[in-house]
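First the structure, in the form of structure tokens, and then the observations on it.
2 protein chains.
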Amino acid sequence: MHTLIVGAGSVGSMYQIMLQSKKNGFSIESLRYGKHKFIPDGVYSSCKDASTGQEYDYIMVCTKALPNIADPAEILKPVIKSNKTVIVLVQNGIGIEDPYVKTYPENPIITCAVYVDGKQKPNGLVEHGKLMELAYGLHKNKKGDNSDPFKNGVISNFHNILTSGGITSIVPTNIQKLKWFKNVWNAAISPMSVISGKHSGGDLARNPGTRSLLIKAMKEMIKVGETATGGPLHDKLSASEIPDYFINYTLSLPEPFILSMLQDYLNKKPMEHHVILKNPIDEAKKLGIDVPIIETMYELLIMAEKKNLSSIDKH
Amino acid sequence: MHTLIVGAGSVGSMYQIMLQSKKNGFSIESLRYGKHKFIPDGVYSSCKDASTGQEYDYIMVCTKALPNIADPAEILKPVIKSNKTVIVLVQNGIGIEDPYVKTYPENPIITCAVYVDGKQKPNGLVEHGKLMELAYGLHKNKKGDNSDPFKNGVISNFHNILTSGGITSIVPTNIQKLKWFKNVWNAAISPMSVISGKHSGGDLARNPGTRSLLIKAMKEMIKVGETATGGPLHDKLSASEIPDYFINYTLSLPEPFILSMLQDYLNKKPMEHHVILKNPIDEAKKLGIDVPIIETMYELLIMAEKKNLSSIDKH
Chain A
1 MHTLIVGAGS VGSMYQIMLQ SKKNGFSIES LRYGKHKFIP DGVYSSCKDA
51 STGQEYDYIM VCTKALPNIA DPAEILKPVI KSNKTVIVLV QNGIGIEDPY
101 VKTYPENPII TCAVYVDGKQ KPNGLVEHGK LMELAYGLHK NKKGDNSDPF
151 KNGVISNFHN ILTSGGITSI VPTNIQKLKW FKNVWNAAIS PMSVISGKHS
201 GGDLARNPGT RSLLIKAMKE MIKVGETATG GPLHDKLSAS EIPDYFINYT
251 LSLPEPFILS MLQDYLNKKP MEHHVILKNP IDEAKKLGID VPIIETMYEL
301 LIMAEKKNLS SIDKH
Chain B
1 MHTLIVGAGS VGSMYQIMLQ SKKNGFSIES LRYGKHKFIP DGVYSSCKDA
51 STGQEYDYIM VCTKALPNIA DPAEILKPVI KSNKTVIVLV QNGIGIEDPY
101 VKTYPENPII TCAVYVDGKQ KPNGLVEHGK LMELAYGLHK NKKGDNSDPF
151 KNGVISNFHN ILTSGGITSI VPTNIQKLKW FKNVWNAAIS PMSVISGKHS
201 GGDLARNPGT RSLLIKAMKE MIKVGETATG GPLHDKLSAS EIPDYFINYT
251 LSLPEPFILS MLQDYLNKKP MEHHVILKNP IDEAKKLGID VPIIETMYEL
301 LIMAEKKNLS SIDKH
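Put into structure tokens, the structure is as follows:
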């Protein structure tokens, strides 16, 4: 089996090491898996270089989702030789599949809800906590309906690959519901952590004013997600229980819990606001739902990013 | 006539020099009035020190309005000997009169909409542009109705004093409408200038995303102001014309136009968010009007202030 992992950040490296074991290259320290080192079969600086003539069975896209900066589907062109290659999008956010559906309408696309808590340090060491599981589903449409997913060979094979690599494989009946569920929290807390003056998740969840604002913002997202996917986002939690669930989850994390969007901002890197905020806002507009809090935070955030990125050389 | 000016910042100094001429003390450079220096009859470090036995005819309060930090009416206790002393609140914002009404229910209160464009520099020099006018009215109630104001001796006297001092005196029929009108702009643009990553007024008015957000935020405030005061906020501008008016006004100012709230933030000083945002939000709640954008910005702003002020000694 040939797998190409695009994006050698913390998420990509963790998947690489679990799926293939060799020596040297990246070092990973994981609470769950211990210390690991690996060399991939090949390391390429671009997809063009990775186009070695062979056909890849799976291409796992583990880059940040930044469709506002460049069309992410374009980048894969040199390595997708036929419609047999399965494109696996290991990225959070809403509408991430759109550019790939447009450019590769015949290829199977697997879309994921990501739970790796990895963080890559400057020396190439990847710190990894306890979480290594992947929830995913075959992407059919925005409603995400994926009934009887194991009848589909693509999903069964991928499930076996993950499982034999020691990764917890989760195949929900509706992957889009799970992605929206995660995005409820992400869309509320991530921009707030930046524009409230660089606060940790715990700060925002503890402070009464921002906690109340978080809850209201999550309610906006829940309404859009439920309408977009045609029903409740979670099997066990009702819409009214979801905000409290995420507040308690946030309070349970070790502090300071720095959201990855804030990490990007502090590192003067582009933030994933397009798939976390803009696509859901556009979906809300299409559905006629008002999301004033999310929209306000989005506009403030991109204005803040404008100044933040202009203070360094573009990369 | 004995006047006490509380607060020797840029606003207080400008009024002092216009109302009284002596030599030495403060230096003022004004495009409208040229260079001035003056020594007040007395300079006191507190109202307690200013309590010299004499009764003041007017007390002009030119401090920042920070009722969230301390009760501003308490500070005047040593200098208010009777209900004859007129309290003049030379401060922008909504609900600034409440603490004074509560503590001095029998004293006449004049409340103002301030247009001084003064800025005090570290060396005591006050830079003043072309604007020196005061719009004011006798404060009766929150509706601000002040019909036939010149029949009231307090207003007539104050008008004469200002006019003889070369200050343009404006007595609108409803001072609260004018204060709300000014606050429409202030509530929208001031917090945004801080939490969008420290942008100038022109930046926010030019950038399409924030311009559109400014307009929506102003519409929220217009609705609250109109409901609170019982009708249109402006004689000539309709509700739908007000946002464009302020956008164009902002674009007409020399850049970089740094809002005073952003100046305070950059100087790590408390911001006037209580009278510019919180009091209008509370008023909106009382009236059953949703102001999600203003509320979102308020919560983000006070969270940002928390971190900003905690990084210095309290003063």
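Order-wise, the sequence lines are chains A and B. Going by UniProt numbering, the first sequence opens with residue 1, and the numbers climb by one from there. Going by UniProt numbering, the second sequence opens with residue 1, and the numbers climb by one from there. Note that CB positions come from ideal geometry on N, CA and C, so glycine has one too.
Check your understanding: On the three-state DSSP scale, how would you describe S212 of chain B?
Key -> helix
Check your understanding: Tell me which same chain residues have a C-beta within less than 6 Å of the C-beta of H199 of chain B, skipping the five on either side of it?
Key -> S193
Point to revise | Contact under 7 Å by Cβ, V90 of chain B with C62 of chain B | key: For V90 of chain B and C62 of chain B, yes; Cβs fall inside 7 Å.
Review point. Can you list, in chain order, the stretches of the beta strand (DSSP E) that have 3 or more residues and sit fully within the region 140 to 204 of chain B?
Key: 168 to 170
Check your understanding: Out of curiosity, what's the CA-to-CA distance linking K286 of chain A and P99 of chain A?
Key -> Taking the CA atoms as reference points, K286 of chain A sits about 19 Å from P99 of chain A.
Review point. Helix, strand or coil: which one does DSSP assign to I109 of chain A?
Key: The answer is strand: DSSP assigns I109 of chain A an E or B state.
Point to revise | Stretch-stretch touch, CB-based, cutoff 8 Å, three pairs: the region 181 to 191 of chain B with the region 212 to 220 of chain B | key: yes
Review point. Using 8 Å as the Cβ pair cut-off and three pairs as the minimum, do the region 261 to 279 of chain B and the region 236 to 253 of chain B touch?
Key: No contact exists between the region 261 to 279 of chain B and the region 236 to 253 of chain B.
Review point. If we ignore side chains and look at the alpha-carbon of each, how far apart do N157 of chain B and T111 of chain B end up?
Key: A straight-line Cα-Cα distance of about 15 Å links N157 of chain B and T111 of chain B.
Point to revise | Sequence-distant residues of its chain with Cβ nearer than 6 Å to D57 of chain A (five each side left out) | key: M1, H2
Exercise for review: Compare the C-beta of T210 of chain A against all C-beta atoms of chain B and say whether one is closer than 7 Å.
Suggested key: Chain B contact via Cβ: present.
Check your understanding: By Cβ distance, which residues of its chain are closer than 6 Å to residue 369 of chain A, with the 5 residues on each side in sequence left out?
Key -> Since the displayed chain A opens at 1 and closes at 315, residue 369 of chain A lies outside it and no answer follows.
Review point. Is G93 of chain A closer than 7 Å to A65 of chain A when the C-beta atoms are compared?
Key: yes
**Study point:** 7 Å Cβ cut-off: residues of chain A touching G197 of chain B
**Key:** Contact of G197 of chain B with chain A by beta-carbon distance below 7 Å involves M303, A304, K307, N308.
Check your understanding: CB G137 of chain A to CB I175 of chain A, shorter than 7 Å?
Key -> yes
Exercise for review: Apply the 10 Å Cβ neighbour rule to T163 of chain A and answer buried if 16 or more other Cβ atoms are within range, or exposed otherwise.
Suggested key: Exposed, because fewer than 16 other Cβ atoms sit within 10 Å of the Cβ of T163 of chain A.
Review point. If you measure beta-carbon to beta-carbon, which residues of the region 244 to 271 of chain A are closer than 9 Å to chain E?
Key: You won't find chain E in this structure, because its protein chains are A and B.
Review point. If we count the other Cβ atoms within 10 Å of its Cβ and call it buried at 16 or more, is S196 of chain A buried or exposed?
Key: buried
Check your understanding: From the beta carbon of E283 of chain B, is the nearest beta carbon of chain A less than 7 Å away?
Key -> no
Point to revise | Residues near C47 of chain B by beta carbon distance below 7 Å, same chain, minus five either side | key: V6, I75, L76, P78, V79
Practice item. From the DSSP output, in three-state form, read off L138 of chain A for me. Key: The three-state reading of DSSP puts L138 of chain A in strand, counting E and B together.
Review point. For A228 of chain A versus P172 of chain A, is the C-beta spacing smaller than 7 Å?
Key: no
Check your understanding: Between B:A284, B:L204, B:S240, which lies nearest to V224 of chain B when the distance is taken from Cα to Cα?
Key -> B:A284
Exercise for review: Let me know if D41 of chain B comes out buried or exposed under the rule of 16 or more other beta-carbons within 10 Å of its beta-carbon.
Suggested key: exposed
Exercise for review: With DSSP as the reference, label T227 of chain B as helix, strand or coil.
Suggested key: helix
Check your understanding: Mind pulling the chain B residues with CB within less than 7 Å of N207 of chain A?
Key -> M303
Point to revise | Length of the line joining the Cα atoms of D265 of chain A and L251 of chain A | key: According to the sequence as given, residue 265 of chain A is Tyr; it is not Asp. Cα to Cα, the separation comes out at about 22 Å.
Point to revise | Interfacial residues, the region 59 to 73 of chain B to chain A, with Cβ spacing under 7 Å | key: none
Exercise for review: Would you kindly work out how many angstroms separate the C-alpha atoms of P108 of chain B and G95 of chain B, rounded to a whole number?
Suggested key: 16 Å
Exercise for review: Verify the CB distance criterion: does P292 of chain A have a CB-CB separation below 7 Å to chain B?
Suggested key: yes
**Study point:** Residues near L178 of chain A in its chain [Cβ-Cβ closer than 6 Å; skip 5 each side]
**Key:** A113, A135, P172
Check your understanding: Within the 7 Å Cβ cut-off, does T296 of chain B reach chain A?
Key -> yes
**Study point:** Rounded C-alpha distance that separates S21 of chain B from S51 of chain B
**Key:** In this prediction, S21 of chain B scores a pLDDT of 47, lower than 50, which makes its location untrustworthy; the coordinate-derived value is nonetheless stated afterwards. C-alpha separation (whole angstroms): 22 Å.
**Study point:** chain B contact residues for E299 of chain A, given Cβ-Cβ distances below 7 Å
**Key:** G209, T210, L213, listed in chain order.
Point to revise | Where E272 of chain B falls, given that 16 or more other Cβ within 10 Å makes a residue buried | key: buried
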